[in-house]
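In the numbering used here, the protein residues as written are 2 to 399.
Just so it is clear, CB atoms sit at the ideal spot from N, CA and C, and this is done for glycine as well.
Note that the coordinates shown come from a computational prediction; the quantities given were computed from them, not determined experimentally.
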């Protein structure tokens with residue numbers, strides 16, 4: 002029986018309700034233990050794996066909250082003293098997602114803005130002042146066009162992180178609240194695709210989103226992104242105008258969404274996250290507009306079962322690596338003149354399976370075949386189901 006310690010906020014606990022699924026974890030071979038974050042974990046362990054959602058604490062600690070800093074350090078101290086304990090996900094990787102400007106810069110490193118790529122992230126720029134003329138200059142220099150979405154620089158951990166605005170012209174610049182990220186708005190027929198990642202599995206859920214907008218002078222629109230894109234949410238912002246209703250519904254390329262998730266996963270080196278993707282209704286290109294650490298996974302059937310399987314795979318892979326390393330060490334001691342090659346998973350094995358590398362077709366994603374390792378997946382192993390209507394079905398491994 003593997004011992005998994007976990008912690009998440011009260012809100013996250015209520016949403017996932019892992020305590021009510023302890024029997025499911027036990028049947029999967031996991032003793033699930035909710036640890037006290039205010040106490041040293043050494044006294045509560047040992048743990049084979051730590052599962053957490055600490056984005057709120059991480060942001061609070063950065064803002065100088067000493068209690069949050071102490072709580073985070075309780076986890077970090079245990080990890081430092083127990084290097085064999087797996088962490089899902091590592092703090093240094095999650096930290097990259099707390100700042101929206103850094104998020105988007107990570108996407109640029111994925112070559113998602115290559116001119117020949119069908120996937121991109123809309124033009125963006127960080128605004129740090131309320132000075133209108135300075136911001137006009139920055140927007141033009143970064144090729145951010147009207148209308149644009151004004152997003153708080155802090156992407157997680159605060160209620161304000163989801164309070165956004167749509168600015169339509171220079172006059173609306175008086176409504177921004179710096180520091181923030183301004184990102185060009187892309188018309189996408191009010192449909193958002195959430196790509197949820199759980200280790201080596203992906204789930205694609207369709208959600209409502211902002212309707213098509215024109216760059217014409219009108220008052221700034223303020224909204225909460227959580228309210229707009231919730232399953233079955235109803236808002237005037239998600240209702241298409243009459244001229245857009247008659248347009249032929251777009252059917253996305255799920256393989257492309259899957260590939261996008263895999264490419265971003267390689268960059269993030271994370272197990273549990275989600276990306277928000279929209280499709281430009283004019284060009285047909287796919288725009289990645291947000292990344293979320295350990296999202297809610299609404300719409301993912303059997304989430305707990307999938308999570309259990311992933312955690313078991315992680316721990317099994319870790320055991321394989323440790324076992325092979327020990328055997329290699331023993332053999333090396335016996336014969337120093339005959340070094341042996343150690344066959345183990347790569348450090349950030351996306352599938353968490355020990356397997357040989359195979360070439361993969363990544364044409365059109367800004368990557369050469371040499372730069373993409375195949376430890377993440379094989380080309381034909383994932384049959385996909387298309388969702389039925391909206392917000393109800395998802396794509397996943399068979």
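Rounded to whole angstroms, what is the Cα-Cα separation between residue i and residue j?
i: residue 175; j: residue 255; result: 40 Å
i: residue 280; j: residue 195; result: 12 Å
i: residue 111; j: residue 105; result: 10 Å
i: residue 117; j: residue 286; result: 10 Å
i: residue 107; j: residue 97; result: 8 Å
i: residue 13; j: residue 144; result: 38 Å
i: residue 102; j: residue 187; result: 18 Å
i: residue 208; j: residue 89; result: 27 Å
i: residue 19; j: residue 317; result: 22 Å
i: residue 304; j: residue 249; result: 33 Å
i: residue 30; j: residue 52; result: 15 Å
i: residue 128; j: residue 251; result: 34 Å
i: residue 298; j: residue 309; result: 14 Å
i: residue 87; j: residue 49; result: 6 Å
i: residue 266; j: residue 43; result: 31 Å
i: residue 301; j: residue 179; result: 35 Å
i: residue 4; j: residue 109; result: 38 Å
i: residue 258; j: residue 202; result: 13 Å
i: residue 165; j: residue 70; result: 28 Å
i: residue 211; j: residue 181; result: 20 Å
i: residue 64; j: residue 162; result: 14 Å
i: residue 131; j: residue 139; result: 12 Å
i: residue 85; j: residue 231; result: 38 Å
i: residue 73; j: residue 237; result: 41 Å
i: residue 77; j: residue 264; result: 28 Å
i: residue 363; j: residue 315; result: Caution applies to residue 363, whose pLDDT of 34 falls short of 50 and renders its modelled position unreliable; the model cannot decide the point.
i: residue 278; j: residue 197; result: 11 Å
i: residue 242; j: residue 235; result: 15 Å
i: residue 62; j: residue 91; result: 16 Å
If you reduce the DSSP assignment to three classes, tell me which class residue i lands in.
i: residue 112; result: coil
i: residue 200; result: coil
i: residue 184; result: strand
i: residue 57; result: helix
i: residue 308; result: helix
i: residue 2; result: coil
i: residue 282; result: coil
i: residue 172; result: helix
i: residue 350; result: Residue placement at residue 350 is poorly supported in this model, since its pLDDT is 38, which falls under 50; the coordinates are not used for a value here.
i: residue 133; result: helix
i: residue 162; result: helix
i: residue 21; result: helix
i: residue 303; result: coil
i: residue 295; result: coil
i: residue 76; result: helix
i: residue 26; result: helix
i: residue 143; result: coil
i: residue 69; result: helix
i: residue 167; result: strand
i: residue 288; result: strand
i: residue 177; result: coil
Can you tell me the Cβ-Cβ gap for residue i and residue j, rounded? I've got them flagged as a contact below 8 Å.
i: residue 261; j: residue 150; result: Not a contact, Cβ separation roughly 20 Å.
i: residue 190; j: residue 213; result: 6 Å
i: residue 57; j: residue 173; result: That belief does not hold up - the Cβ atoms of residue 57 and residue 173 are roughly 30 Å apart, past 8 Å.
i: residue 137; j: residue 171; result: 6 Å
i: residue 9; j: residue 82; result: About 22 Å; that fails the 8 Å criterion.
i: residue 402; j: residue 126; result: Nothing can be reported for residue 402, as the shown portion of the chain is limited to 2 through 399.
i: residue 168; j: residue 153; result: Residue 168 to residue 153, Cβ: 14 Å. No contact.
i: residue 225; j: residue 156; result: Residue 225 to residue 156, Cβ: 14 Å. No contact.
i: residue 6; j: residue 26; result: 12 Å between Cβ atoms; not a contact.
Give me the residue from the options with the minimum Cα distance to residue i.
i: residue 295; options: 199, 204 and 311; result: 199
i: residue 289; options: 297, 29, 276 and 299; result: 276
i: residue 34; options: 28, 163, 274 and 23; result: 23
i: residue 272; options: 137, 284 and 311; result: 311
i: residue 177; options: 192, 202, 206 and 135; result: 135
i: residue 75; options: 38, 16, 132 and 205; result: 38
i: residue 32; options: 253, 2 and 219; result: 2
i: residue 283; options: 215, 233, 11 and 66; result: 215
i: residue 142; options: 247, 124 and 130; result: 124
i: residue 193; options: 221, 233, 218 and 222; result: 233
i: residue 293; options: 94, 146, 222 and 72; result: 94
i: residue 206; options: 253, 21 and 146; result: 253
i: residue 45; options: 79, 247 and 68; result: 79
Please determine whether the Cβ atom of residue i lies at a distance below 7 Å from any heavy atom of the ligand FMN.
i: residue 39; result: As presented, the structure is devoid of all ligands, the ligand FMN included, so that no description of it is given.
Output the residue ranges of the beta strand (DSSP E) runs that lie fully inside the segment 193 to 275 and measure 3 residues or longer, sorted by chain position. 202 to 209 and 222 to 225
Could you tell me which uninterrupted alpha helix (DSSP H) segments, each at least 4 residues in length, are contained entirely in the segment 78 to 129, listed from first to last along the chain? 92 to 95 and 101 to 110
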